[in-house]
Each structure stands twice: as structure tokens, then as C-alpha cells.
Amino acid sequence: MRNYMKSELYRILHTKEMYLITGTLVVITVLYHILTFLSKGLAPRYATTSFSYSCLVANPMLFACAGTVITYFLYEGNRRNGNIKNAAACGISRVKIFAGQCLISLAASTCAMLLTLTVWIISAELLLPKTGPVHLAHLLSEIPAIYLISAACLVCALVCISYFEKTITGILVWGLIWFLIPKIFLIGGMRSEALYQAALWLPSNLFSVVNGLYVNTRECITAWDTVGGMLRCIASGGIGTLVFVLSGILLLKKKDLA
Amino acid sequence: MNEYVIETKGLTKSYGSFPALDHVDLHVRKGCIYGLVGDNGAGKSTLLKLLAGQCFATEGDIFLLGQQGEKGLLQARKHTGCMIERPAFFPNMTVEQTLNYYCIQKGVPGTKKAEEMMQLTGIAEKKRCRCQTLSLGQRQRLGLAAALLGEPRLLMLDEPINGLDPSGILEFRSLLRRLNAERNITILLSSHILSELQQVADIYGFLSSGSLIEEITAKRLAEKCSDCIEITLPDIEKYAAVFEKTFPDDSYKILPENKIRIMNPKHTAQTYSKLALDQQIYITGMQTVKSSLEDYYMKLKEGGMDR
Chain A
74 MRNYMKSELY RILHTKEMYL ITGTLVVITV LYHILTFLSK GLAPRYATTS FSYSCLVANP
134 MLFACAGTVI TYFLYEGNRR NGNIKNAAAC GISRVKIFAG QCLISLAAST CAMLLTLTVW
194 IISAELLLPK TGPVHLAHLL SEIPAIYLIS AACLVCALVC ISYFEKTITG ILVWGLIWFL
254 IPKIFLIGGM RSEALYQAAL WLPSNLFSVV NGLYVNTREC ITAWDTVGGM LRCIASGGIG
314 TLVFVLSGIL LLKKKDLA
Chain B
1032 MNEYVIETKG LTKSYGSFPA LDHVDLHVRK GCIYGLVGDN GAGKSTLLKL LAGQCFATEG
1092 DIFLLGQQGE KGLLQARKHT GCMIERPAFF PNMTVEQTLN YYCIQKGVPG TKKAEEMMQL
1152 TGIAEKKRCR CQTLSLGQRQ RLGLAAALLG EPRLLMLDEP INGLDPSGIL EFRSLLRRLN
1212 AERNITILLS SHILSELQQV ADIYGFLSSG SLIEEITAKR LAEKCSDCIE ITLPDIEKYA
1272 AVFEKTFPDD SYKILPENKI RIMNPKHTAQ TYSKLALDQQ IYITGMQTVK SSLEDYYMKL
1332 KEGGMDR
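Following this line, the structure appears as C-alpha cells:
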């Protein structure tokens, strides 16, 4: 597995995808802050670090989606190009290939996230006035809260794009798992308390207003504000990661490579 | 010690209810060039995919380099190289980067080996080209170069000359012979271009509709494919009856249009024609036919070379 991961690292460093994605995220971040800075005369309440940080604090699933997009760019072509076949023929087991891909995607996404986030914070701090209810501490404490959830989301994306023959099917199933099923649970929760409680553990509900999350220009109440809330986020992500890792092992262990 | 580098026992692969391979018992001896012969859809690629670990068998056992079982096969595959169906590469990586990538994956240190394989397979001049710009023939060369990294003891190649130009085919053939002779690499080669296989293989396996119908050495095949005599006469049944009685050691086959084919004739053409004359059967045509590998395969598919 170590050799497989090393080879994947070589590929990531010698191809342009990761540089393009990270570069695009960084450019968007800088442009966003420059535009906000330039428009501070027109909309002063939005030209603040608080509003800038609230974009990320109010939407933690953005991190999960960004990790998924990176995973998609890194591994979507594998089926089409048939590269997994070569790895399998080298005597690397499917489980090791899957585990290697999970770790590499996570490492690549973490690097991209750290870089983008650093640029986000620096540009916000340099260009915008530090006022409003959302502080840097909220954003920084969001990282441990969302990290395992993002990992689960990324592993789920890998399972979906590796298992389903068509990429579009994989993406749809991923969307179903992460966004539609939580909503169905929530609707079902209107009739059953147990279902409602279960629904609150699912990430897209965990960070929504139904769970008491309010991030706006007046207040900032996040899901990870309290120790209990933080633990809930970490547990939700940990369980999710474990579930999707096990699903991946079960589904991909004996999967024929077409 | 097992004399086979590949041995399968009752290897079966089904896709739903469709049996792509049906109880195949394959035997590839160490140091040989084994030619896998079969039509499109006969099961050649499926068999190679099973051996390469790209698919899983529905039933049966695989012994690879003397190893079996899941862990054993994974270990054995570290010493094999393969190129199955179209060679798979990352389109936006260069030839050099691709080989470096596979060097790392196979645990081959440095870049010297990649350089050597590029020279050996004649793809060195394209080292800075991206894989997506390569022609099919160049991709085949790159596929072979990648398969040869890590000093494989066994090479499995599926339709490797697809897309090669005539000079490329010649080079490829000589390269395979060299790899086999100088590096003692056992080669399992599949192709539907039988004339090409005939020039390199020293043992053949004939696959038809997922079944391995025969394994035969090149020497034995040459004997079987030697000249045969085809006689056209009106009363074929009568001649066949007398023929069988007179020449019990000769084998024959009755063909359509009142023809009888004497395989590996042990007597002269005059002897066979005299037999017809003695029975007052008048021969309307007689010719000597040389069987090719294609003929042999077609005959096997039709139901064997019956006596």
C-alpha cells in the first residue's frame, strides 16, 4: 500500500489537477475579498471579517463538498482510464487500493483546505474591518468539528465513484446519501421522535437551523459551540467515516474491474 | 516443484447466467511462450483478467508461480507483468512520468529502469509526450514497457500487436523472443491473428465459447498441420469404408461436396487413388492441402479432427 500511495503522490505532484483546483479556490478567495473590500461603500455591513467568516461558519458542508470535488477530480478518471487494473495486476489488493485512495484524497484535500483557509483568513484580516458576531475563533474551531464529517463525505464519494459503473450514478447516489436522506429523516421525524433525534445526527441537519444553528449579521450560534456539540460533530463524522470505510471494503473487495 | 508457472483447475467465470469461461484447465510451463488462440468473445481476455486479478473467478482455482489463494496470488502478481485489452494510462502524464509512476508502484528504485524499458520497447523518443497524444501502437509499446518494469517472471499480453505497423510487429516479435530466451520470461500471449502467434508460440491453447478445447505443443501442431490429401469422388461412403479397412493407421475426415480429407497421409497419393480404382470409384479431383493454424482451429471448433 505504501508504494501505491507513493505512486499516487507522484501523480498528484506531476499533474495539474490539484494545482488547478487549489489555485482556483485561492483565486476565488482573494477575488471575493478584494471585491468585498471595493464594495464596502455600497454595503458596509457585508464588508466585515464577520460576514466573510460567516460564509464558511454558516455552511460547514462546503468543506465536505470541496473535499468531494477534489476526490472526484483525482479518482473519477480511474475507471475510464483503467488505471486500477494496472494496480490490481501489480498484486495490490482492492482493499489496499481503496485505503490508499482514501488517505491520499484526505491528505490532498487537507492541504488544499489549509492553503485556501490561510489565504481566506489573511485576506479577510488584511482587507476587512474586524467587526460583527462571527470571529476567527468560530472559524478555527469549525475545522475539528467538520474534519471527520468531510472525511466521511470524501470516503463516501470514493465508494460511489468506484462502485457504480457510471460516474453520474455515483454522484447522484452520493447526493442522495448526504442531502436527500437527511431531509427524508427530518420529514419522517415529524411523526417519530426517534427518527427526529436520528435525523439530527446526520451532518446536513446537524449544521442547519433545526439544530439551533444561527449564523447571521447579529448572532453566531454554531453546532460546535459547546463541548457536547463539538463531540457530537466529531462522533457523527467518526461514525460516518467508519460506516463508509466498511461499506467501501465490502463493496469493492471483490469488485470486477470492467 | 510445480513445473507450471500458470495452472488453472476448473476455472469458471460467469456474468449473470452467461458463462464467459467454463471449467478451464490451463497449463503454462515455465520458460515457454504460450499462445492463447480464440475468436472474439471466446474468453481470452476474461481468462487473462482472472489471472491478473482484475476479475474474480466464479469457481475453480488459479496457481500462479506456484502460489494459490488470495494472499498467494497477490504475492505472485508482484512478479508478473501484464497488458490486457487496451493499455491503461493517465492521459495527462508523459510517457516518462507514466513509467516513473509504475516504477514507484512496483517498488523499482530510481528512474534507470524506466529509461531502459523505454529504449527496449522503442518508445524513448516519445518520452516527453503526453499519453493522450500517443497512437495505439505507441500505447502498446508503453504498455509493454510498463509491464516489463520490476523484472517480471511471467508476462501476460492480450492482443499485443493491435495497432502496430508491420515493422513494429517484426520488432515486437523479436523482442518477445529475446525476453523469453535471454531473461527466461514465460510469456502468455493471446491473439486472434493466428499467423502471428504461429511465429512465436511454442505451445497453444485453443479457447472456444469459454472452453479450453485443446492444449498442444507447436511441434505436435506442426505434425497435425502437415500436408493432407483431399480427394473428391462420387461414392464417398463406400470409399471411406474401404479406406478404413485398408489403412487403419490413417486418419480422415469427410467434408461436404463429396470430399474426403486424409490427414497426415502415410502413403502416396497414387496408393489412395489406386484403392478407389480397385473399387471402381472414379476420382474426380485430388489435391494436396497444407493446413494452417487457422484451419486447425476451425476444425477444432467444428468438432475435432475425427477419424
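Quick mapping for you: the protein sequence lines, in order, are chains A and B. Residue numbers for the first sequence follow this note's numbering, so the first one is 74 and each next one is one higher. Residue numbers for the second sequence follow this note's numbering, so the first one is 1032 and each next one is one higher. All residues carry an ideal CB built from backbone N, CA and C; glycine is no exception. As the structure is a prediction and not an experimental result, all values here were calculated from the model.
Residues near residue 1159 of chain B in its chain [Cβ-Cβ closer than 7 Å; skip 5 each side]: In the second sequence, counting from the first residue as 1, residue 1159 of chain B sits at position 128. Closer than 7 Å at the Cβ level, and outside the excluded window around residue 1159 of chain B, lie 1125, 1127.
For residue 286 of chain A and residue 280 of chain A, believed in contact at Cβ under 8 Å, the rounded distance: Locating residue 280 of chain A in the first sequence gives position 207, where the first residue counts as 1. Locating residue 286 of chain A in the first sequence gives position 213, where the first residue counts as 1. With a Cβ gap of about 6 Å, residue 280 of chain A and residue 286 of chain A count as contacting.
Residue 1329 of chain B: first and last residue of the uninterrupted alpha helix (DSSP H) it sits in: The residue given as residue 1329 of chain B occupies position 298 in the second sequence. Where residue 1329 of chain B is concerned, the enclosing alpha helix (DSSP H) stretches over 1324-1333.
Best match in B/1101, B/1271, B/1195 for proximity to residue 1227 of chain B [C-alpha to C-alpha]: Counting from 1 along the second sequence, the entry for residue 1227 of chain B is found at position 196. Nearest C-alpha to residue 1227 of chain B: B/1195.
Residue-level contact to chain A via CB, residue 1122 of chain B, 8 Å cutoff: The residue given as residue 1122 of chain B occupies position 91 in the second sequence. It does; some Cβ of chain A falls within 8 Å.
Cβ neighbours of residue 77 of chain A in the same chain (closer than 7 Å, five flanking residues each side left out): Taking the first sequence and counting its residues from 1, one reaches residue 77 of chain A at position 4. Within the same chain, and ignoring the five residues on either side of residue 77 of chain A in sequence, the residues whose Cβ sits closer than 7 Å to its Cβ are 160, 165, 169, 170, 173.
Any C-beta of chain A under 8 Å from that of residue 1049 of chain B: Along the second sequence, one-based indexing puts residue 1049 of chain B at 18. Taking Cβ atoms only, chain A never reaches closer than 8 Å to residue 1049 of chain B, which makes this a no.
The alpha helix (DSSP H) enclosing residue 255 of chain A, as first and last residue numbers: For this step, residue 255 of chain A is matched to residue 182 along the first sequence. Segment 254-261, the alpha helix (DSSP H) holding residue 255 of chain A.
Members of the stretch 1067-1099 of chain B that neighbour chain A once the beta carbon cut-off is set at 7 Å: 1083, 1084, 1085, 1086, 1087
Burial state of residue 1323 of chain B (16 or more Cβ within 10 Å): Numbered from its first residue, the second sequence carries residue 1323 of chain B at position 292. By the neighbour-count rule (16 or more Cβ atoms within 10 Å), residue 1323 of chain B is not buried but exposed.
CB contact flag (residue 1186 of chain B, residue 1218 of chain B, <8 Å): Looking up residue 1186 of chain B in the second sequence gives position 155. Looking up residue 1218 of chain B in the second sequence gives position 187. Yes. Within cutoff.
Beta-carbon gap between residue 1089 of chain B and residue 1043 of chain B smaller than 8 Å: Working through the second sequence from its first residue, we reach residue 1089 of chain B at position 58. Working through the second sequence from its first residue, we reach residue 1043 of chain B at position 12. Contact: yes.
Contact set between the stretch 190-220 of chain A and chain B, restricted to residues whose Cβ is under 9 Å from the partner: Of all residues in the stretch 190-220 of chain A, none places a beta-carbon less than 9 Å from a beta-carbon of chain B.
For residue 251 of chain A and residue 226 of chain A, believed in contact at Cβ under 8 Å, the rounded distance: Here residue 226 of chain A is taken as the residue at index 153 of the first sequence, counted from 1. Here residue 251 of chain A is taken as the residue at index 178 of the first sequence, counted from 1. Sure, about 6 Å apart at Cβ, within 8 Å.
Segment limits, alpha helix (DSSP H) that includes residue 182 of chain A: Indexing the first sequence from 1 puts residue 182 of chain A at position 109. Per DSSP, residue 182 of chain A belongs to the alpha helix (DSSP H) from 167-200.
Neighbour flag for residue 178 of chain A against chain B, beta carbons, 8 Å: Position 105 of the first sequence holds residue 178 of chain A. Not closer than 8 Å to any Cβ of chain B, the Cβ of residue 178 of chain A fails to qualify, so no.
Inter-residue spacing [alpha-carbon to alpha-carbon] between residue 1083 of chain B and residue 1108 of chain B: Residue mapping note: residue 1083 of chain B aligns to position 52 of the second sequence, counting from 1. Residue mapping note: residue 1108 of chain B aligns to position 77 of the second sequence, counting from 1. Each residue's alpha carbon lies about 7 Å from the other.
Proximal residues, the stretch 160-173 of chain A versus chain B, C-beta separation under 7 Å: 160, 161, 162, 163, 164, 166
Members of the stretch 305-325 of chain A near chain B, C-beta cut-off 9 Å: none
Buried or exposed by the 16-neighbour rule on C-beta atoms within 10 Å, applied to residue 1311 of chain B: Sequence index remark: in the second sequence, residue 1311 of chain B carries index 280 (1-based). That one is exposed.
Residue 186 of chain A vs residue 224 of chain A beta-carbon contact at 8 Å: Along the first sequence, one-based indexing puts residue 186 of chain A at 113. Along the first sequence, one-based indexing puts residue 224 of chain A at 151. No, they are not a contact pair.
Simplified DSSP assignment, three categories, for residue 1309 of chain B: In the second sequence, the residue the question calls residue 1309 of chain B occupies position 278. The answer is helix: DSSP assigns residue 1309 of chain B an H, G or I state.
The beta strand (DSSP E) enclosing residue 375 of chain A, as first and last residue numbers: There is simply no residue 375 of chain A to check, as chain A begins at 74 and stops at 331 in what is shown.
Residue-level contact to chain B via CB, residue 80 of chain A, 8 Å cutoff: Indexing the first sequence from 1 puts residue 80 of chain A at position 7. By this cut-off, residue 80 of chain A is an interface position.
Chain B within 8 Å of residue 83 of chain A, Cβ atoms only: Sequence index remark: in the first sequence, residue 83 of chain A carries index 10 (1-based). With 8 Å as the cut-off, residue 83 of chain A counts as an interface residue toward chain B.
DSSP-derived helix/strand/coil call for residue 1315 of chain B: Against the second sequence, residue 1315 of chain B aligns to sequence position 284. The answer is coil: DSSP assigns residue 1315 of chain B none of H, G, I, E or B.
With 16 other Cβ atoms within 10 Å as the buried cut-off, status of residue 1338 of chain B: Sequence index remark: in the second sequence, residue 1338 of chain B carries index 307 (1-based). For residue 1338 of chain B, the pLDDT reaches just 36, beneath the cut-off of 50, and the residue's location in the model is therefore unreliable, although a value from the coordinates is still provided. Classification of residue 1338 of chain B: exposed, given that the 10 Å Cβ count is below 16.
Closest Cα partner of residue 297 of chain A within the set A/121, A/310, A/291: Counted from its first residue, the first sequence places residue 297 of chain A at position 224. It is A/310 whose Cα lies nearest to the Cα of residue 297 of chain A.
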